[in-house]
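Participant:
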Amino acid sequence: MTTYREALREGIRDAMRRDDRVFLMGEDVGAYGGCFGVSLGLLEEFGPDRIRDTPLSESAFVGAGIGAAMAGMRPIVEIMTVNFSLLALDQILNNAATLRHMSGGQVGVPLVIRMTTGAGRQLAAQHSHSLEGWFAHIPGLRIVAPATLEDARGMLWTALLDPDPVLLFENGALYPMAGDLAADAGPVDIDHAAVRRPGTDMTLVTYGGSLGKCLDAAGQLAAEGVSAEVIDLRTLRPLDDTTFVESVRRTHRAVVVDEGWRTGSLSAEVSARITEQAFEDLDAPVERVCSAEVPMPYAKHLEDAALPQPAGIVAAARKVVNGGG
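Just so you know, we're using full-length UniProt numbering here: the sequence shown kicks off at 1 and counts up by one.
1. Using the C-alpha atoms, what's the distance from PHE46 back to MET16?
2. Rounded to whole angstroms, what is the Cα-Cα separation between ASP281 and SER247?
3. Terminal residues of the continuous alpha helix (DSSP H) containing GLY67?
4. Answer with buried or exposed for SER103, where buried requires no fewer than 16 other C-beta atoms within 10 angstroms of its C-beta.
5. Comparing alpha-carbon positions, which option in ARG253, HIS252, GLU269, ALA254 lies nearest GLY260?
6. Give me, in chain order, the residues of the same chain whose beta-carbon lies closer than 8 angstroms to that of SER59; leave out the 5 immediate sequence neighbours on both sides.
7. Find out if the Cβ-Cβ distance for the pair THR81, HIS127 is shorter than 8 angstroms.
8. What does the Cβ neighbour count give for residue 357, buried or exposed, with the cut at 16 atoms within 10 Å?
9. Give me the Cα-Cα distance between ARG253 and LEU93, rounded to the nearest whole angstrom.
10. Return the first residue and the last residue of the alpha helix (DSSP H) that PRO310 is part of.
11. At what residue ranges does the region 71-156 contain a whole run of the alpha helix (DSSP H), taking only runs of 4 or more?
12. Do ALA173 and GLY118 have their C-beta atoms within less than 8 angstroms of each other?
13. Go ahead and pull the three-state DSSP assignment for MET1.
14. Excluding sequence positions up to five away, which residues of its chain have a Cβ less than 6 angstroms from the Cβ of ILE190?
15. Taking the beta strand (DSSP E) that GLU287 falls in, what are its first and last residues?
16. Below 7 angstroms CB to CB, which residues in the same chain sit around PRO293 once its five sequence neighbours on both sides are set aside?
17. Any heavy atom of the ligand FMN closer than 7 angstroms to the Cβ of ASP189?
18. Compute the distance between the beta-carbons of LEU43 and GLY34, then report whether it is under 8 angstroms.
19. DSSP state of GLY325, grouped into three classes?
20. Please state the DSSP three-state secondary structure of residue 332.
21. Check whether the Cβ atoms of ALA152 and ALA299 sit closer than 8 angstroms, and answer yes or no.
22. If you follow the beta strand (DSSP E) that ARG273 is in, where does it begin and where does it stop?
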């Protein structure tokens with residue numbers, strides 16, 4: 001059995017063995033093994049030149065990563081949680097995302113920034129938000145979100161081959177998720193969404209930490225005679241419109257599930273694209289299931305209530321299929 005955390009670690013190990021230019025840096029990634037244990041043991045294997053602890057200064061070490069990438073290295077920068085990435089937003093938006101455009105294509109930033117996103121671990125409002133939709137708004141960035149062990153293992157190397165910056169969002173609730181991972185698992189496609197469960201009656205579109213909840217909901221719906229197709233977006237920018245629009249054209253109904261806030265969300269973008277490209281195929285308005293529009297609570301019962309859950313996804317699916325909740 002392999003955990004999501006171990007699959008990510010194996011992806012880093014594989015990348016560092018493939019290319020001497022790859023190195024990891026961030027807060028406590030060395031002797032401590034990373035805030036969530038992803039880099040545990042890598043310092044002993046690769047040494048302090050390639051597993052670098054940094055000061056608590058997100059703007060400084062993200063900026064150092066950008067400079068290293070411009071100088072020919074292939075840095076992996078770890079930011080503990082997405083909330084802290086806001087401290088480096090100037091570096092990410094005004095430098096990493098723009099330099100290729102501002103240099104007339106002469107300067108790229110082949111940088112991968114990993115960070116934890118999402119809630120479900122009682123870490124409260126400053127450690128639990130889902131802001132990947134904000135970053136998916138920015139041209140010049142590629143945004144990926146592994147939801148399976150195979151993608152956790154395989155997205156990193158593919159991302160490192162990209163000549164431009166890639167942000168990899170790891171949902172923190174998935175770190176202990178365990179399952180079988182093939183011994184020969186390797187790099188994966190980050191250009192296309194994946195159909196995780198085929199269906200004929202309606203489409204559930206989701207990504208990251210909500211994939212398991214959607215698959216749970218699809219199982220419950222199957223017991224009621226509703227066949228739900230589950231689409232895992234995998235890459236949030238650029239969106240693979242083709243896969244989810246083709247699915248909706250076949251099923252005629254859609255529910256978008258997003259752990260971000262509803263207002264101005266990634267779910268709003270997906271919903272708009274379905275409406276733009278498949279309006280004539282819809283038999284019901286697109287429904288969305290998102291987090292409550294509050295700072296994420298600490299108390300478990302409130303946190304659970306604030307997050308998308310299978311019961312809410314099932315209710316939304318019933319609404320689009322039957323016209324009622």
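A virtual CB, placed ideally from N, CA and C, is assigned to each residue, including glycine.
Bear in mind that the values here come from a model prediction, so they are computed numbers and not experimental data.
Facilitator: Judging by the given coordinates:
1. One C-alpha to the other measures close to 8 angstroms.
2. Approximately 11 angstroms, taken between the alpha carbons.
3. It spans 58-70 - the alpha helix (DSSP H) in which GLY67 sits, taken as one unbroken run.
4. The residue is exposed, with fewer than 16 neighbouring Cβ atoms inside 10 Å.
5. Comparing alpha carbon positions, the residue from ARG253, HIS252, GLU269, ALA254 closest to GLY260 is GLU269.
6. The answer, listed in chain order, is LEU87, ALA88, ASP90, GLN91.
7. Yes, Cβ-Cβ distance for THR81 and HIS127 is below 8 angstroms.
8. In the structure displayed, the chain extends from 1 to 325; residue 357 sits before or after that span and is not available.
9. Rounded to whole angstroms, the gap between the alpha carbons of ARG253 and LEU93 is 36 angstroms.
10. Residues 310-322.
11. Listed in chain order, they are 82-85, 99-102, 132-135.
12. Taking 8 angstroms as the cut-off, the beta carbon of ALA173 is found closer than this to the beta carbon of GLY118.
13. In this structure, MET1 counts as coil in the three-state DSSP scheme.
14. The beta carbon of ILE190 is closer than 6 angstroms to those of VAL144, MET155, THR158, THR235 in its chain, skipping five residues each way along the sequence.
15. Where GLU287 is concerned, the enclosing beta strand (DSSP E) stretches over 287-291.
16. Checking the sequence shown, residue 293 turns out to be Glu, not Pro. Taken in chain order, the residues that qualify are TRP261, ARG262, THR263.
17. The model depicted lacks the ligand FMN and carries no ligand whatsoever.
18. Cβ distance not < 8 angstroms, so LEU43 and GLY34 don't count as in contact.
19. Note that GLY325 has pLDDT 47, beneath the 50 cutoff, so the model's placement of it is unreliable and the number below is only indicative. Coil, per DSSP.
20. The structure shown does not extend to residue 332, since the chain spans only 1 to 325, so no value can be given for it.
21. Taking 8 angstroms as the cut-off, the Cβ atoms of ALA152 and ALA299 do not count as close.
22. No beta strand (DSSP E) contains ARG273, which is instead part of the alpha helix (DSSP H) from 266-278.
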